[in-house]
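Position 8 of the sequence shown, counted from 1, bears residue number 2 in the working numbering, the numbering being contiguous throughout.
Each residue gets a CB set at the ideal place from its N, CA and C atoms; glycine is no exception.
Source: prediction; values computed, not measured.
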Amino acid sequence: MSKPNTKTAMQQLIAQIQQAIPLNLNEAQMCQGECLGCSKKMLEMLDAEISYWQYTDTRPGLKDIKYLENIGRRTYKILKRNKLIS
């Protein structure tokens, strides 16, 4: 079995992120009570990065995939810490 090319790997990562992280939370849901890291800013950054990779013809490198993975992990941790996902 061969490894996927970087474009396929990026598409698979984006699908995993979209499945694990609710990208459509509204501000009222995110900004309730005490905040431990800014969920809104992280979601905006993650959404912008995903949008870029979904609509560009640029071939991602391994560095790009790792960067998106890191943003996804950090966003997930912050949302979990702020009790926006279980």
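Q) When you compare only the Cα positions, how much space is there between Tyr46 and Leu30? A) 27 angstroms
Q: Starting from Arg67, follow the alpha helix (DSSP H) in both directions and report where the run begins and ends.
A: 56 to 75
Q. Between the C-alpha atoms of Pro(-2) and Ile44, what's the straight-line distance to the nearest angstrom?
A. 19 angstroms
(Q) For the pair the segment 9 to 28 and the segment 49 to 59, tell me if three or more CB-CB distances fall below 8 angstroms. (A) no
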